[in-house]
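See below for the structure under consideration.
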Amino acid sequence: MNALETRQLTLSYGEKNIIESLDLTIPRGKITVFIGSNGCGKSTLLRSLARLLKPKEGAILLDGSSIAKCSTKEVAKRLSILPQGPTAPEGLTVFQLVKQGRYPYQNWLQQWSEEDEKMVNKALEATQLSELAHRPVDSLSGGQRQRAWIAMTLAQGTETILLDEPTTYLDMSHQIEILDLLDELNQTEQRTIIMVLHDLNLACRYAHHIIAVHDQTVYAEGPPEEVMTEELVRTVFDMDCQITLDPLYDTPMCIPYSKNRLANIPRKKAEVI
Amino acid sequence: MRALLPNSFSKISGIFIILLFMAYLAYASLIFGVIDTSWQNAVEAYTNYNGTNEHIIIKEVRVPRVLNAIAVGFSLGIAGTLLQSLTRNPVADSELFGLNAGAALFVVIAITFFGISSLTLFTWIAFAGSAIAGIIVYILGSFGREGLSPVKLTLAGAAITAFAASMRHGMLVINEKALDEVLFWLSGSVGGRNVDYLISVLPYMLLAWIAAFLLARPIQTLLMGEDVAKGLGQRTMLVKIITGVVIVLLSGSAVAVAGPIGFVGLITPHLARYLVGNDTRWIMLYSGLLGSILLLAADLGARFIAMPAEVPIGVMTALIGIPFFIYVARKGLSKG
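Chains as they are written, first to last, in this note's numbering: chain A, 1 to 273; chain B, 274 to 609.
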């Protein structure tokens, strides 16, 4: 069965439709990456999949049943989302942050259980933050901070994890660190990972399934090798490029053309033309 | 920033120390004033009442004062914590949210247009004014695409405060008699009010105190941001609405008993955070207790600064509050 499905999904802000009548299926146990230009609606789509945005029309199915009809706490036990650029209150410690991941399992009577404690410690270990558990989040580096937020979604113990641009504002080594962590979660625990990424080359390297969003709908979807073409990049990103292979992993790699750079390197120019 | 009281043991011990200090201030407030009396006299006023001046003062003036200060301070401290959390604004308090201004405007309208001058009626009119201002601020703050947002709420509060204040000033300029009647009320006081006013709003206060502590955990989660809280399965709109109602109940009943007292709700959440760190439940409890202490102390100070005249307590809290406000604002700026 698919992890998530949309049926005739229409999303809008006010009068303007962002996504129109979309049928989409997202495979279980795989890493799915949404790509698309700024403002194409990929983040909006991701947010709606996590029920942060109410669809104008249509439905979103989680394990075959509509999430609008499930209690939001029940959904939170099966699906977690890390929004774009989250900020923790000043002085909050890593442990306090990760602890919030247990919110859906608590109520007035059931406050804090051994299971909660166990899940939080497991999440801290998986993200290698056990040592930093009692440090304030705002004193950490960007990469550590993002790992702390991911630890919070892990503590939620959900099969499906959605992440909106988890690598934004991170330098290259921290981007790899975060993506390696997610990759490992997918491989060792078969979690379904769904995320928005801006870096096409990293998207191709880590994704099993790529979904290119363009013009209020899905322009193309499938394995990176099939989806990533020069023509797609031209249409979706309005950019000319050359697709080659990543020398390390043989996944597609997109090398964009620049307007004026080639003129300065006559040898290359001759080769390309 | 590391909390001064990091673990549960030190936090609970802290509560006891605060309660002891509060008892001491309450004792001082009973005994000292224009007429100094003694502890024995205070006890006798209840066990063996003989109608002397001292007994009357204790029963009719001093005891109500102490009880008012404790209840109003506790409410303002909690309301401040809730407001600062809900708006994610470290300098929010009921003074800056139109709640006090709304109450004051209603009382002035009642005097000017309806000739009302009974303190009992002021209680309910103030409560209503505060509630209505709160509702308007809430509605204004929820307009637009993404619904209730901290910035819009803060702006709406500022606008309603300015509006209510200018209307009030306008009316008072025209009607000098009302000015005399309302002036003392307007600067806030826990004295000169029978304990009946407190008793009449106490059920609302108690309800709001309990609700506030039940809200602490959801609010802690909401502080992580609206999207994060929703993702964790919180019905954020519901939490925000209930929080708003509790704030109005707290500020409304406080202003009904003591008139508009600013700055208590601004200061105490910060002191509480400094002491206990980030746990909203502890912050709320500490902020409430510190609010009681602050009002007791301000009320004592108000008696002694210009003896035998009395400085309004609102002036005392403002004197303490303004430097603090500037400190918090500057600290926030240097961070940003």
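A virtual CB, placed ideally from N, CA and C, is assigned to each residue, including glycine. Model, not experiment: these values are computed from the prediction.
### Task
Measure the beta-carbon distance from B/V468 to B/L340 and round it to whole angstroms, keeping in mind my assumption that it falls under 8 Å.
6 Å
### Task
Quick one: list the residues of chain B neighbouring A/K73, beta-carbon separation under 7 Å, in chain order.
G506
### Query
Helix, strand or coil: which one does DSSP assign to B/I405?
helix
### Query
With a CB to CB cut of under 6 Å and the five nearest residues on each side skipped, what residues in its chain are close to B/A352?
S367, I520, L523, S524 and G538
### Query
Would DSSP call A/Q111 helix, strand or coil?
coil
### Query
Run through DSSP, which three-state label would A/V213 get?
strand
#### Entry: Backbone CA spacing between A/A220 and A/V213 [nearest angstrom]
7 Å
### Query
Between which two residues does the alpha helix (DSSP H) harbouring A/M195 extend?
No alpha helix (DSSP H) contains A/M195, which is instead part of the beta strand (DSSP E) from T192 to V196.
### Query
Shorter than 8 Å from the beta carbon of A/A126 to some beta carbon of chain B?
no
### Task
Figure out for me which residue from B/A529, B/S560 and B/W555 has the closest Cα to the Cα of B/T541.
B/S560
#### Entry: Min CB distance A/L4 to chain B below 8 Å
no
### Task
Answer with yes or no whether the minimum CB distance from B/G420 to chain A is below 8 Å.
no
#### Entry: Whole-angstrom distance between B/T434 and B/L445, CA atom to CA atom
16 Å
### Same chain only: Cβ atoms within 6 Å of A/K16, ignoring 5 sequence neighbours per side
none
### Query
B/L606: buried (16+ other C-beta within 10 angstroms of its C-beta) or exposed?
Bear in mind that a pLDDT of 47 at B/L606, under 50, signals an unreliable position, so the model cannot answer this.
### Message
Going by the DSSP bridge assignment, what does A/C241 pair with across the sheet?
### Response
A/P256
### Task
May I ask you to report which of helix, strand or coil DSSP gives A/T93?
strand
#### Entry: Any chain A beta carbon closer than 8 Å to B/G609
Confidence at B/G609 is low in this model, with a pLDDT of 32, below 50, so its placement is unreliable and the value that follows should be read with caution. Closer than 8 Å: no.
### Message
Quick test of the definition: if touching needs 3 or more C-beta pairs under 8 Å, does the region 475-487 of chain B touch the region 74-85 of chain A?
### Response
no
### Query
Along chain A, in chain order, which residues have C-beta atoms closer than 7 Å to that of B/K503?
L52
### Message
Considering just the uninterrupted stretch of the beta strand (DSSP E) at B/L369, what are its terminal residues?
### Response
From DSSP, B/L369 is part of no beta strand (DSSP E); its letter is neither H nor E.
#### Entry: Classification of B/W482 by the beta-carbon crowding that lies within 10 angstroms, buried from 16 upward
buried
### Message
Quick check on B/P279: does DSSP put it in helix, strand or coil?
### Response
coil
### Query
Just the Cα atoms here: how many angstroms apart are A/G143 and B/L428?
35 Å
### Query
Taking DSSP as the reference, what is the three-state secondary structure of A/N17?
strand
### Message
Considering only the alpha carbon of each residue, which of B/D453, B/A529 and B/V588 lies closest to B/S348?
### Response
B/A529
### Query
Can you tell me whether A/S139 is buried or exposed, with buried defined as 16 or more other CB within 10 angstroms of its CB?
exposed
#### Entry: Three-state secondary structure (DSSP) of B/R361
coil
### Task
Name the residue from B/V463, B/Q493, B/A545 and B/L496 whose alpha carbon lies nearest to the alpha carbon of B/D572.
B/V463
### Beta-ladder partner(s) of A/G222, from DSSP
A/I210
### Sheet register partners of A/L162 (DSSP bridge)
A/I81 and A/I194
#### Entry: Burial state of B/P581 (16 or more Cβ within 10 Å)
exposed
### Task
Count the other CB atoms, across all protein chains shown, that sit within 10 Å of the CB of A/M239; report buried if there are 16 or more and exposed otherwise.
exposed
### Query
Can you list, in chain order, the residues of the region 545-574 of chain B whose Cβ is nearer than 9 Å to any Cβ on chain A?
R546, G550, N551 and D552
### Message
Quick check on B/F577: does DSSP put it in helix, strand or coil?
### Response
helix
### Query
From B/F387 to B/F379, what does the alpha carbon distance come to, in whole angstroms?
11 Å
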